[in-house]
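Enquirer: In my numbering, the protein residues as written are 1 to 107.
The beta carbon of each residue, even a glycine, is placed where N, CA and C say it ideally should be.
After the structure tokens below, expect a handful of questions from me.
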């Protein structure tokens, strides 16, 4: 059983690590793109992440998931990592952070 402090630390480190995962075709990280829908750490320190893709047929899907998995598995205290690709709700550019929109010329 992890403490609330440990859970928070893992969640914060998860966001930090996801900010280092970039789609090779877009110069913005997957977190800022709004591709991460859920981060959940259970009582046993298993990490569950729901993410989406900018398009269902995204050619970088395998790369993105594997890069995220490797980085998340490196987080101290994480027992296991489960990444689910979901398409509900459907991603759109409004889900991007202001920084991502600026970087990509949407502002």
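Hey, which unbroken runs of the beta strand (DSSP E) at 3 residues or more fall wholly within the region 59–103?
Expert: 80–85
Enquirer: I'd like to know whether the C-beta atoms of residue 80 and residue 46 end up nearer to each other than 8 Å.
Expert: yes
Enquirer: Mind checking residue 110: buried by the 16 CB within 10 Å criterion, or exposed?
Expert: Summary: the structure shown does not reach residue 110, with the chain confined to residues 1 through 107, and so no result is reported for it.
Enquirer: Assuming the contact rule is C-beta atoms closer than 8 Å, residue 51 and residue 70 should be a hit. Round their C-beta distance to whole Å, please.
Expert: About 15 Å; that fails the 8 Å criterion.
Enquirer: How far does the beta strand (DSSP E) with residue 41 in it reach, from first residue to last?
Expert: 36–41 is the span of the beta strand (DSSP E), which, as asked, contains residue 41.
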